[in-house]
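S.K.: Residue numbers (our numbering), protein chains in the order written: chain A, 1 to 315; chain B, 1 to 315.
There are 2 protein chains.
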Amino acid sequence: MYYIGVDVGGMSIKGGLVSKDGKIVARYTVPTNVYNKDYSISEDIRKVVEGTMAEGGVTIADVEGIGIGQPGAVDSVRGVIRYSNNIALENVPVVDELKKFFDVPIKINNDANCAALGEQVFGAGKGYNDVVFVTLGTGVGGGFIIDGKLFEGRECAGAEPGHMVIVVNGEKCNCGRKGCWEAYASVSALIRQTKAAMEKDPSSLMHEEAAKEGKVSGMTSFVAAKRGDKTAQEVVDTYIGYVGEGLINLANIFRPDVILLGGAISKEKERLTVPLQKMMDEKSFGAKFNPRVEVKIASLQNDAGILGAAALLLD
Amino acid sequence: MYYIGVDVGGMSIKGGLVSKDGKIVARYTVPTNVYNKDYSISEDIRKVVEGTMAEGGVTIADVEGIGIGQPGAVDSVRGVIRYSNNIALENVPVVDELKKFFDVPIKINNDANCAALGEQVFGAGKGYNDVVFVTLGTGVGGGFIIDGKLFEGRECAGAEPGHMVIVVNGEKCNCGRKGCWEAYASVSALIRQTKAAMEKDPSSLMHEEAAKEGKVSGMTSFVAAKRGDKTAQEVVDTYIGYVGEGLINLANIFRPDVILLGGAISKEKERLTVPLQKMMDEKSFGAKFNPRVEVKIASLQNDAGILGAAALLLD
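What follows is the structure, given as structure tokens:
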């Protein structure tokens with residue numbers, strides 16, 4: 001028996017046939033379309049599910065359930081995409097639409113929640129009961145596992161740690177507030193911080209690195225810092241400081257076993273976790289007498305979405 | 001049958017005999033002592049429990065359980081005061097010590113957690129499943145009820161929303177970090193903000209109000225603002241803004257049914273809740289499509305501690 005995990009993204013909808021022990025044994029992908037009244041996203045998800053089964057040489061009789069990870073606000077109880085910003089969607093009853101085609105349990109949840117669950121079931125969070133997962137990508141997303149279960153807030157509308165203000169009246173955030181963690185700890189924020197530092201220091205190696213890459217990216221400061229550039233190192237240190245402040249906030253609220261970092265920036269591994277663990281050990285509330293919170297890199301990388309969606313069936 | 005709720009504070013240890021419907025039918029209080037190896041706080045709690053029973057004319061046979069609300073870090077599973085700052089305590093196995101005297105269930109928890117639970121069981125949180133309780137007092141404390149149950153974090157060491165940084169590198173906090181919510185939204189913070197504004201504006205009515213009261217207090221700005229003082233109104237608005245930023249952070253993470261405000265400042269009632277509800281409705285994440293978070297004043301006031309401690313037996 002298998003699960004099917006579907007990872008919906010702005011560019012593509014990826015499906016995976018997942019074995020019980022968390023191996024992806026077949027894959028199928030379609031590009032993300034523009035959806036409207038006449039063509040629902042459920043139609044593309046159906047294609048992905050069928051394509052995935054065909055690739056794996058199985059039928060729906062071999063599938064125990066279908067899980068879908070979706071960016072944006074999802075009502076996981078009613079199986080509805082409440083709202084998605086990047087793919088223009090509003091109130092789409094995906095689960096009901098798919099049930100017409102597949103007579104198996106179908107679940108949908110927010111993509112960051114799925115990734116959190118995937119990490120706890122199959123990845124770096126295995127064996128931990130209380131896991132905070134934070135993704136440092138285009139935005140800052142997160143998911144919370146409390147006592148082995150996904151915590152979503154009332155009507156699945158919580159778990160938005162990226163929209164926790166860490167600098168009152170600070171940088172503008174897409175959500176309409178000012179000073180959100182996302183406006184300081186996302187890749188977009190790091191690029192902004194990098195550009196500002198480059199402007200001030202024309203001699204920084206970051207200019208050379210950006211020219212090589214053809215643009216300023218989330219890696220520019222990290223790469224130049226590795227080459228010994230002082231200004232770049234300052235950018236990296238300041239950025240990690242912002243990341244750390246948010247992580248400690250979450251530690252003080254949730255006090256989990258472990259905080260897992262995913263997303264593009266997490267590829268920097270120890271360059272992130274070493275200073276962040278130090279901050280955590282020194283500055284989290286009652287660090288001397290309270291249980292330690294570990295800071296680790298998430299392990300599922302690009303497969304977190306598919307595996308996490310499949311893990312919805314196990315929750 | 002009754003419960004006994006014990007509310008441990010820096011000045012006194014208050015006991016209450018609590019009926020099943022949340023009425024305090026008898027009370028007994030002793031002053032808080034200095035405790036050491038030879039004299040444990042359990043000894044004073046024992047006196048409070050016995051005094052409370054005597055006042056109520058009952059014996060331990062009439063008591064279903066004893067609940068204790070304790071400031072600081074409490075291991076509620078093992079029944080140990082892990083650490084308390086205001087009353088110098090470290091690793092006191094209160095529950096085991098009291099079990100020698102009382103053969104009934106005995107539970108202990110952090111005082112803000114107790115107040116949260118008390119409000120949800122007996123107070124303004126009645127009927128809600130997901131409640132965030134925030135106390136705006138000397139410090140900023142909090143408690144979280146998720147799906148009707150107290151959420152304490154791993155080993156009961158979470159639920160410290162006062163130590164969420166809202167201004168990176170901001171005002172110094174007692175916890176060692178800079179910019180914690182407590183350093184902006186506590187009574188002590190408001191007094192600091194009031195004093196700073198008074199210094200800048202010698203004509204403000206706040207000077208008159210402070211002279212009347214003999215000191216600058218958490219009420220000085222609110223009272224002067226009510227009399228039409230512009231500088232005082234600015235202090236109040238700024239303060240409420242800081243409170244609101246923290247509340248919205250918690251709404252975005254927990255998306256509860258309701259956020260309840262307790263502590264000294266909560267006596268300002270609508271002057272707090274009206275602007276805070278407006279902020280919440282405008283600025284919480286996805287306010288247009290996500291379920292609304294209500295902001296209300298907690299109702300149990302000074303009895304929250306006793307009633308919340310008693311409610312531990314019901315959790």
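Cβ coordinates follow ideal geometry from the N, Cα and C atoms, glycine included.
#1: Assuming GLY305 (chain B) and LYS14 (chain B) form a contact by the criterion Cβ under 8 angstroms, report the distance between their Cβ atoms to the nearest whole angstrom.
#2: Spell out a yes or no on whether the region 97-113 of chain B and the region 70-77 of chain B are touching, meaning 3 or more CB-CB pairs, one atom from each, closer than 8 angstroms.
#3: Given a limit of 7 angstroms on CB to CB distance, which residues of the region 72-101 of chain B reach chain A?
#4: In terms of residue numbering, what span does the alpha helix (DSSP H) encompassing ASN110 (chain B) cover?
#5: Is the region 283-303 of chain A close to the region 118-135 of chain A, with three or more CB pairs under 8 angstroms?
#6: So, for ALA157 (chain A): in the same chain, excluding its five sequence neighbours on each side, which residues have a beta-carbon less than 7 angstroms away from its beta-carbon?
#7: Between ILE166 (chain B) and chain A, is there a C-beta pair that is closer than 9 angstroms?
#8: What is the C-beta distance between ILE106 (chain A) and GLY79 (chain A), in whole angstroms, given that I count them as a contact (C-beta under 8 angstroms)?
#9: For LEU98 (chain A), which beta-bridge partners are listed by DSSP?
#10: Can you say whether GLU245 (chain A) is buried or exposed, counting buried as having 16 or more other CB atoms within 10 angstroms of its CB?
#11: Rounded to whole angstroms, what's the CA-CA distance from THR29 (chain B) to MET53 (chain B)? Just pull it up for me.
#12: Of all Cβ atoms in chain B, is any one closer than 9 angstroms to the Cβ of ILE259 (chain A)?
#13: Determine whether the Cβ of LYS283 (chain B) lies closer than 9 angstroms to any Cβ atom of chain A.
#14: Ordered along the chain, which non-local residues of its own chain (more than five positions away) have a Cβ less than 7 angstroms from that of THR59 (chain A)?
#15: If you follow the alpha helix (DSSP H) that LEU312 (chain B) is in, where does it begin and where does it stop?
#16: Assuming PHE289 (chain A) and ARG82 (chain B) are in contact, meaning their beta carbons sit under 8 angstroms apart, how far apart are those beta carbons, in whole angstroms?
#17: DSSP state of LYS178 (chain A), grouped into three classes?
#18: What does DSSP give as the partner residues of ALA73 (chain A) in its beta bridges?
#19: Is DSSP giving VAL308 (chain B) helix, strand or coil here?
#20: Kindly indicate which three-state DSSP category ILE317 (chain A) falls into: helix, strand or coil?
#21: How many angstroms separate the CA atom of PHE144 (chain A) from the CA atom of GLY57 (chain B)?
#22: Relative to the C-alpha of VAL168 (chain B), which candidate in A:VAL243, A:ASP103, A:ASP201 has its C-alpha closest?
#23: Would you verify that the beta carbon of GLU234 (chain A) is, or is not, closer than 9 angstroms to some beta carbon of chain B?
#24: In chain B, which residues lie less than 7 angstroms from ASN174 (chain A) when you measure between Cβ atoms?
#25: On the criterion of 16 or more Cβ atoms from any shown chain inside 10 Å, does ALA196 (chain B) qualify as buried, or is it exposed?
#26: Less than 9 angstroms between the beta carbons of ALA232 (chain B) and GLY5 (chain B), yes or no?
#27: Does ARG192 (chain B) come out as helix, strand or coil in the three-state DSSP assignment?
#28: For my contact list, VAL165 (chain A) and CYS180 (chain A) are in at a C-beta cut-off of 8 angstroms; report their separation, rounded to the angstrom.
#29: If you measure beta-carbon to beta-carbon, which residues of the region 244-256 of chain A are closer than 9 angstroms to chain B?
#30: What residues from chain A crowd round GLY153 (chain B), counting only those whose CB sits closer than 8 angstroms?
#31: In terms of DSSP beta bridges, what is PRO142 (chain A) paired with?
#32: Quick one: give me the first and last residue of the alpha helix (DSSP H) that LEU300 (chain A) is part of.
#33: Given this structure, state the Cα-to-Cα distance separating SER188 (chain A) from ILE66 (chain B), to the nearest angstrom.
#34: Under 8 angstroms, with one C-beta from each stretch per pair, do the region 257-275 of chain A and the region 124-137 of chain A reach the 3-pair mark?
#35: Please state the DSSP three-state secondary structure of THR29 (chain A).
#36: 9 angstroms is my cut-off, CB to CB: does ARG192 (chain A) come that close to chain B?
M.R.: Once the coordinates are examined:
#1: Contact between GLY305 (chain B) and LYS14 (chain B) holds: CB atoms are separated by about 7 angstroms, below the 8 angstroms threshold.
#2: Yes, the region 97-113 of chain B touches the region 70-77 of chain B.
#3: ALA73, ARG82, TYR83
#4: Element bounds for ASN110 (chain B): not the alpha helix (DSSP H) but the beta strand (DSSP E), 106-110.
#5: They touch, by the three-pair rule.
#6: ALA73.
#7: It does; some Cβ of chain A falls within 9 angstroms.
#8: 7 angstroms
#9: None, per the DSSP bridge assignment.
#10: buried
#11: THR29 (chain B) and MET53 (chain B) have their C-alpha atoms spaced approximately 12 angstroms apart.
#12: It does not; no Cβ of chain B falls within 9 angstroms.
#13: yes
#14: MET53
#15: No alpha helix (DSSP H) contains LEU312 (chain B), which DSSP labels as neither H nor E.
#16: 6 angstroms
#17: strand
#18: Answer by DSSP bridge pairing, in chain order: A:TYR83.
#19: Before going further, note that residue 308 (chain B) is Gly rather than Val in the sequence given. Reduced to three states, the DSSP call for GLY308 (chain B) is helix.
#20: Chain A is shown only over 1 to 315; residue 317 (chain A) falls outside these bounds and no answer can be derived.
#21: 48 angstroms
#22: That would be A:VAL243, whose Cα lies nearest to the Cα of VAL168 (chain B).
#23: no
#24: Here the premise fails: no neighbours, minimum Cβ distance about 10 angstroms.
#25: Exposed, because fewer than 16 other Cβ atoms sit within 10 Å of the Cβ of ALA196 (chain B).
#26: no
#27: helix
#28: Going by Cβ atoms, the distance from VAL165 (chain A) to CYS180 (chain A) rounds to 6 angstroms, so yes, they are a contact pair.
#29: GLU245, GLY246, ILE248, ASN249, LEU250, ALA251, ASN252, ILE253, PHE254, ARG255, PRO256
#30: The answer, in chain order, is ASP130, ILE253, PHE254, ARG255, PRO256.
#31: Residue 142 (chain A) is actually Gly in this sequence, not Pro. Its beta-bridge partners are A:VAL134.
#32: Element bounds for LEU300 (chain A): n/a, residue is neither H nor E.
#33: 53 angstroms
#34: Short answer: they touch.
#35: strand
#36: no
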